[in-house]
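For reference, the structure is listed below as structure tokens.
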Amino acid sequence: MQIIPVDIAGHPYEVRVGHGLIADLAGQCGARLRKATVPIITDANVHAAWGGAVEASLAAAGKVPAWQILPAGEATKCWDNLIRVTDWLLALEVERGDHIIALGGGVIGDLTGFAAAILKRGCQFIQVPTTLLAQVDSSVGGKTAINTPAGKNLVGAFHQPALVLADLDALTTLPVRELAAGYAEVIKYGLIDDPVFFDWCEAHGPALIAGDVAARHYAVATSVAAKARIVAADEFETTGLRALLNLGHTFGHALEAETGFSSRLLHGEGVALGMVLAARFSAARGLMPAADAARIAAHVAAVGLPADVRTLGLNVTGAQLAAHMLHDKKVDAGRLAFLLLRGIGQTFLTKDVTLDEVSVFLAGALQG
948 MQIIPVDIAG HPYEVRVGHG LIADLAGQCG ARLRKATVPI ITDANVHAAW
998 GGAVEASLAA AGKVPAWQIL PAGEATKCWD NLIRVTDWLL ALEVERGDHI
1048 IALGGGVIGD LTGFAAAILK RGCQFIQVPT TLLAQVDSSV GGKTAINTPA
1098 GKNLVGAFHQ PALVLADLDA LTTLPVRELA AGYAEVIKYG LIDDPVFFDW
1148 CEAHGPALIA GDVAARHYAV ATSVAAKARI VAADEFETTG LRALLNLGHT
1198 FGHALEAETG FSSRLLHGEG VALGMVLAAR FSAARGLMPA ADAARIAAHV
1248 AAVGLPADVR TLGLNVTGAQ LAAHMLHDKK VDAGRLAFLL LRGIGQTFLT
1298 KDVTLDEVSV FLAGALQG
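First residue of the sequence shown? That's 948 in the working numbering, and the numbers climb one at a time after it.
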């Protein structure tokens, strides 16, 4: 097991990366599980795969789980389920010092974390991410949220977990599509500021998707360490450093909104395509070599992720697609904040991009 510290001022915690962590859930959580009943929020798919292992571990420690099993999918991150979860936790008489367990992917982690943030003005929670995307990104850093009709993650709070258990065994139960979607966030860390890691991704990404255990461990640990470093330096996204973690997300969230936040386009697929679009937009502006943008698109396509917006078959104009970006959390005084690239490993934040410019670019991308 590899332990990666997240040095948040006043709230440091560990991310543990290894095998068998879910089977040893009670042992890993230790004294954090103060009561005989342990509240666990998960989805139906994860419960079917890992519920038995969790129950066995807790039983060996003299504890029993109280399950809140939600439907799988992005639509679960909504007001109705937030109310359902918070009412359930209150009925269980969860106290501020108790630890709620989020067992699942990014949807479950985000929803549980937000519920923990607002319940009694802040309860403890433990992230047990079961998808690659959640292990390398959403479980670390304390961003929690739900989606609304206006857009993705627009209602939420910063609320750090007490512990993150990234069990690599959980990745063996994922469909290839889910693995690839999570891998998009791995690529992101190379594109932000680590071109050597992007080189590694090009060499090992397909093997990681295919099941290479060593590649998965290295990718998760390297990604978590990169995120931990950035989050520790800018926990609340006040300096602009943490905003770099949103590379590909402005374009990606617009695509997710256009596809109704549905299984038609998974979040990681939107991020992957968003990074390709950000790179091509950067190249069109003369900021980065066109060859670098093509290299990014080639690697995204090589691991089975969408690299061309035309493959989505959207019946939309460039202006309509760009309009979704006005609901982006990074809009400041009506100005769009965009993450662009000067090259691989050279991401930067700018506010000199106009909606008209993006509309024209997207119109061209939609037409080919």
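No residue lacks a Cβ here, since even glycine has one placed at the ideal position from N, Cα and C.
Per DSSP, reduced to three states, the secondary structure at glutamine 1071 is strand. Cα atoms of aspartate 1303 and alanine 1266: separation of roughly 7 Å, rounded to the nearest angstrom.
Residue burial annotation: serine 1004 is buried, with at least 16 other C-beta atoms found within 10 angstroms of its C-beta. Proline 986: member of the beta strand (DSSP E) spanning 984–990, first to last residue. Under the three-pair Cβ rule at 8 Å, the segment 1111–1131 counts as touching the segment 963–970.
Threonine 1059 carries a helical assignment under DSSP once its states are collapsed to helix, strand and coil.
Between threonine 1297 and the set Thr1264, Ser1229, Asp1239, the nearest pair of CA atoms involves Ser1229. By the criterion of at least three beta-carbon pairs nearer than 8 Å, the segment 1129–1141 is not in contact with the segment 986–1002.
Ranked by how close their Cα comes to the Cα of proline 1018, the residues Val993, Trp997, Leu1220 have Val993 in first place.
Within the model, the alpha-carbon separation for phenylalanine 1145 versus asparagine 1193 is close to 17 Å. For the segment 1062–1143, the continuous alpha helix (DSSP H) assignments of 4+ residues that do not extend past its boundaries occur at 1123–1140, in sequence order. The straight-line gap separating the alpha-carbon atoms of aspartate 1181 and serine 1085 is approximately 16 Å.
One thing to note: threonine 989 has its Cβ within 7 Å of the Cβ of isoleucine 1016. Around the beta carbon of leucine 1037, fewer than 16 other beta carbons lie within 10 angstroms, which makes this residue exposed.
Taking all protein chains in view, the Cβ of phenylalanine 1072 is crowded by 16 or more other Cβ atoms within 10 Å, so the residue is classified as buried. Taking the Cα positions, proline 1012 is about 41 Å away from aspartate 1141. With contacts defined as CB atoms closer than 7 Å, leucine 1252 and glutamate 1216 qualify as a contacting pair. In the DSSP assignment, alanine 1013 falls within the beta strand (DSSP E) that extends over 1011–1017. Between the segment 1082–1100 and the segment 1268–1277, the count of Cβ pairs shorter than 8 Å is three or higher; the stretches touch. Cβ neighbours of aspartate 971 within its own chain (closer than 7 Å, five residues either side excluded): Ser1004. Counting the other Cβ atoms within 10 Å of the Cβ of valine 1247 gives 16 or more, which makes it buried.
Here leucine 1212 carries a coil assignment [DSSP, helix/strand/coil]. Straight across, the Cα-Cα distance linking threonine 1185 with alanine 1179 is about 12 Å.
Pairing leucine 1212 with leucine 1202 gives a Cβ-Cβ distance under 7 Å.
Taking the Cα positions, isoleucine 969 is about 46 Å away from serine 1306. For leucine 1191 and tryptophan 1014, the gap between their C-alpha atoms comes out near 36 Å.
For glutamate 961, there is no enclosing alpha helix (DSSP H); the enclosing beta strand (DSSP E) has its first and last residue at 960–965.
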